[in-house]
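Please read the structure below before turning to the comments.
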Amino acid sequence: MAAAARARVAYLLRQLQRAACQCPTHSHTYSQAPGLSPSGKTTDYAFEMAVSNIRYGAGVTKEVGMDLKNMGAKNVCLMTDKNLSKLPPVQVAMDSLVKNGIPFTVYDNVRVEPTDASANYLRNRE
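Taking the working numbering as reference, the numbering of the sequence shown is continuous, increasing by one, and the terminal residue is 483.
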């Protein structure tokens, strides 16, 4: 059984390798040798990018309040439009904020392309 499991794992790894990024930037099979950069410099640079997680599935909207509480949110601005504000997902998000003790303000007058006047309106409401 162990040999069959190893063979299955090896097969899956090969499949993943074949399914790797096929875009022109990342699909090449060569690499530049160290010291051959156009500028002649051999300094390596490293950077880190913090990105948000995308979660999906049944019930994740109920976790919005918990997530914001874990992030240390003190006051939340929930931005939507008048039509969406009447739908159940927005109510579920607001219920989650209440359940987790996070104060929030709903701004349901969002436009497709907000103007400076929209930002000033929000700023002056506080």
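All residues carry an ideal CB built from backbone N, CA and C; glycine is no exception.
Only a predicted model underlies this, so the values are computations on that prediction, with no experimental measurement involved.
Own chain, CB closer than 6 Å to residue i, minus 5 neighbours either side, in chain order
i	result
V421	A450 and S453
N432	P460
For residue j and residue i, believed in contact at Cβ under 8 Å, the rounded distance
i	j	result
D438	V463	With a Cβ gap of about 11 Å, D438 and V463 do not count as contacting.
T418	P446	5 Å
M423	N457	6 Å
Coarse secondary structure for residue i, derived from DSSP in three states
i	result
T418	helix
V463	strand
V366	helix
N440	coil
M423	helix
R371	helix
S409	coil
Endpoints, the beta strand (DSSP E) within which residue i is located
i	result
M451	Counting along the chain, M451 falls outside any beta strand (DSSP E), though it belongs to the alpha helix (DSSP H) covering P445 to K456.
M436	V433 to M436
Beta carbon proximity, residue i to chain C, threshold 8 Å
i	result
N410	Protein chain content of the structure displayed is limited to a single chain, and chain C is not contained in it.
Sequence-distant residues of the same chain with beta carbon closer than 8 Å to residue i, five excluded per side
i	result
L479	C434 and Y464
Chain-order list of residues whose beta-carbon lies under 7 Å from that of residue i (same chain, five-residue window excluded)
i	result
M436	Y464 and V467
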